[in-house]
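Its first residue numbered -14, the sequence shown is counted upward by one per residue in the numbering used here.
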Amino acid sequence: MTAASSIASKPSLLGECVVYLGVLNYFFTVDESTPIVSKIGTEIGRLQLCITPYVTAVQVPAHLEGEFVPYTRTDVDSPEEQIHEFMDRSVQYRVQLSELSHLTPQRFSHVSVRYTFFRETSTQTPRFHVDSDGDSVPLDLEFRHVVDVSDALVKYVTGSNLSIEAWLQNARLIMPYDSLVMASRDVDALWQELEMENEYRNVEVSRLLKKSMAVGGNTKKAKTSSTRRAASAHTTTHSPTRNNNKPSKDEESFSLPKMLNRLAVEQRGVRKKAAIALETQFLNDAEQQAAQSAATDAFVEMAKPLFKRFNDPVEKVREVCIRLTTKCIAEEEDLLRYLPYLMPAITKRINSQYGYDEENQVFSRDQFLHDAFKRGRVYVAENQVTHIKPDEPSEEIRLLLLGLVDAVLQNAFERRASSILHAYIFDVLLVLISGVRDDFHEVNIASCRILASISNHMVSVMKHFSVATVRTLMPLLLHRLARVRVAAVETIRALVTCPNVEKCKGSGTEAIVDLIGHRDENVIPVASFYTTEVRLNYFAKLDQDRNPMVRRAFFAMISDWMVNLPDRYDHESRLLPYLLSAVSDEDPEISGDALKTLEILGERYEREHGEEVIEIKQYGVDGKNPMYNYRAPLPEPFVAGRPSLGTRLFVRGRARRFLNPILRELANWQDSTRAHAVRLLKCVLVYCEETITVDVHLLVNTLLRTWGGDHDLLPELRQCADLTGRFAAPRTYLPLILSRIRGDSDVVVPLAATMGGGASAASQEAMALQVLHCFLQGSLDKMVLPHVPDILDAIALPSILDLESSAVKLALGQVLLHLTKLLESKCTIRLLLSTS
């Protein structure tokens, strides 16, 4: 039969369009095509809408009271401002729906729109006809909603959504009578076909379909396959027509309002696609100049939506928003309009856990433990406190956030507008302190660079935090990466020299004591009675760093402080050892720079102590003492000759303070420390010259203890003994050495105790003879000659001559050979004088 009957079908949900309402002024001049998204996240079409806020008129004639006027203010953004602006007034939202477009071609051609606004019930519009291309007739719908302002409104306008649903209204389907007989069994297959054509997948319906089709048997499977093939043919037939008339989704033009609206929807996939579209449009390297100009022009519209996405759970969205903001903010001329919104967004995402203790000048992460410590509790180191993970899990995003902070600061500094940052600088410092303690090394480097920049451009602010910041940076001086150590050194250099004009000092010089681990001997912290206390000399670690780049940065910092610090006189004796260590460094460039710095210090000393220098020069006593050997060539790096008078006087006045620590380090258990100490001792001897006489007893005992400990250091020790012999009279050092050779009990027993009793008598005699030989080589012959009998009496004792040790015999032979040459040259001179 050919009779036909009709079957009415129920409406089905195509998708939902969610519009983030936000603050009122976000809707100004916004007429956008908003995506309609199905339940599985697929975009199935667009809805053209426009939302315009109106408010009740104020201060108008009586006949206009209660009328609504367009809302035009752009500076009301926070909830507090909105309460003050709209309290006791009414706000009217006018929602205009223009057109449905780009819908997937439907088997049924009528669609209705159902929307929910604020707390109002859902409302459904009449059905609209949709053509074969998926476009509807013009809707021309406008809905007006009046809301009385209250606290609920503030919550509504800052966090609610406008939900608009698109429903498919199925027309009547005409079916042949013979097919109607089987309709009851084929309903499930037909419904599946319809859903496939509409690109809609309902999980519950699919589950039921699978169950019913499994019961239906092979017949249902065959018919389902045929219907699928028919649907495929139907789609293929209509696809070219649509492609010819409408552009595809990939080819559509970029719409900034649409993308910004998509950034605020709930679906992660939609937000991510919007972020990628923004990245392609504004962050394309191929068209850098054009993209830069376009981004700068559109930043006024993009700024606040981008700031809101800093806390987005999708990393790609956060990355694009931060990069785009950084690019635009670096060129922005009016920073003040964005800072009240940008800085809270940054600080909220970083969420620094640190606080500042102004009394003790430290940044502390655990405020509870710090307050307990101030009340008398035993100090708990930060590395023993539970590690707090940052709110931003991505290391790259944390680095981008610091880059954004740097862009804001550099923009303000270049325009000489740093004063606009005063309200936010403390929050910026807390963010940077978190970056200094971050686990990612690139974040450490970026934080150090920004802190140095703030120290150079915002002196009036940074001088109050310099000491605390330096103390926070100290752990980075021991970082495993050389680049991080260099960045920390350069930042500490800038912070310490940050001027405090009122006190005529560097604002961070108080931290120098912490950097060198110094503590006065008569000062004991109360906490030391309850727990162990470890004070670390960070400068000693940097001084012996294996990387030349780190040492170069460190010694440049010391040179800068010695020359330019306003209160340098308070710290010269603490810093001079490290400058002398630079003179003896293995790197020729470092050594040359240190020598130049010492020459500058010497010239300044001559200017400041002119009377003393003029008196020495006028009397001509410098280098003219007949007791000392000034003319012998000096070792490296003093091959150019004696240092200037001012330099020698500058070093001599401060050397005795650190000479004893240097001598103690010669017996250190670490080879690198001993090598560094012997090189530093050599420099001290060159600069001090004859003033070293007062410490000869210490030098002799130290050389005797350390002479045979390390054969690699023996050449350096020989040079030190030779220099001591040059600038010390034989009558000063011979009694000390000869008493050791003779075996006097008051000398041998204490020396053996200091050496731990590890050396035999023969080895001790050999070392004493070797030290004596080096001293004699450095002294002038005319000063040694009167003491030759005493020397021969000491070495001719049977206790020495009877020793079978080859080392003793070799050392004894060297001493006798030197004395023989001395006597021969003296006899030759007398013979020549008598014959003449």
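Glycine included, C-beta positions come from ideal geometry on N, C-alpha and C.
Note that the structure is predicted; figures quoted are calculated from it, not measured.
Check this for me: beta carbons of residue i and residue j, under 8 Å apart or not?
| i | j | result |
| --- | --- | --- |
| residue 38 | residue 76 | yes |
| residue 475 | residue 437 | yes |
| residue 389 | residue 307 | yes |
| residue 425 | residue 487 | no |
| residue 393 | residue 314 | yes |
| residue 292 | residue 262 | no |
| residue 907 | residue 586 | As displayed, the chain neither begins before -14 nor continues past 821, which places residue 907 out of reach and without an answer. |
| residue 259 | residue 267 | no |
| residue 490 | residue 545 | no |
| residue 647 | residue 666 | yes |
| residue 96 | residue 121 | yes |
| residue 469 | residue 429 | yes |
| residue 619 | residue 663 | no |
| residue 477 | residue 542 | yes |
| residue 442 | residue 492 | no |
| residue 346 | residue 453 | yes |
| residue 761 | residue 710 | yes |
| residue 316 | residue 384 | no |
Below 8 Å on the Cβ atoms is my contact criterion, and I expect residue i with residue j to pass it. Report the Cβ-Cβ distance as a whole number of Å.
| i | j | result |
| --- | --- | --- |
| residue 823 | residue 456 | Since the displayed the chain opens at -14 and closes at 821, residue 823 lies outside it and no answer follows. |
| residue 580 | residue 568 | 6 Å |
| residue 299 | residue 257 | 5 Å |
| residue 726 | residue 785 | 7 Å |
| residue 337 | residue 248 | The pair is not a contact, with the Cβ atoms about 26 Å apart (cut-off 8 Å). |
| residue 30 | residue 88 | 4 Å |
| residue 321 | residue 410 | With 8 Å as the limit, residue 321 and residue 410 do not qualify as a contact, their Cβ atoms being about 15 Å apart. |
| residue 676 | residue 637 | 5 Å |
| residue 790 | residue 751 | 6 Å |
Would you call residue i buried or exposed, if buried means 16 or more other Cβ atoms sit within 10 Å of its Cβ?
| i | result |
| --- | --- |
| residue 590 | buried |
| residue 729 | exposed |
| residue 692 | buried |
| residue 823 | Because the chain spans -14 through 821 in this model, residue 823 falls outside it and cannot be assessed. |
| residue 764 | buried |
| residue 74 | exposed |
| residue 604 | exposed |
| residue 239 | exposed |
| residue 114 | exposed |
According to DSSP, is residue i helix, strand or coil?
| i | result |
| --- | --- |
| residue 488 | helix |
| residue 692 | coil |
| residue 832 | Because the chain in this structure spans residues -14 to 821, residue 832 falls outside the shown range and cannot be described. |
| residue 427 | helix |
| residue 309 | helix |
| residue 130 | strand |
| residue 661 | helix |
| residue 87 | coil |
| residue 618 | coil |
| residue 508 | coil |
| residue 587 | helix |
| residue 672 | helix |
| residue 503 | coil |
| residue 337 | coil |
| residue 81 | strand |
| residue 419 | helix |
| residue 343 | coil |
| residue 28 | strand |
| residue 268 | coil |
| residue 808 | helix |
| residue 40 | strand |
Among the options, which one has its Cα closest to the Cα of residue i?
| i | options | result |
| --- | --- | --- |
| residue 4 | 480, 34, 27 and 671 | 34 |
| residue 657 | 674, 676, 697 and 333 | 697 |
| residue 408 | 325, 428 and 119 | 325 |
| residue 755 | 777, 699 and 810 | 699 |
| residue 774 | 705, 128 and 719 | 719 |
| residue 650 | 599, 562 and 595 | 562 |
| residue 312 | 669, 383, 396 and 245 | 396 |
| residue 583 | 668, 609 and 612 | 668 |
| residue 391 | 435, 246 and 494 | 435 |
| residue 450 | 413, 466, 464 and 462 | 413 |
| residue 570 | 342, 21 and 537 | 537 |
Compute every distance between the C-beta of residue i and the non-hydrogen atoms of the ligand PLP, then say whether any falls below 7 Å.
| i | result |
| --- | --- |
| residue 694 | What this structure holds is no ligand at all, so the ligand PLP is not there to describe. |
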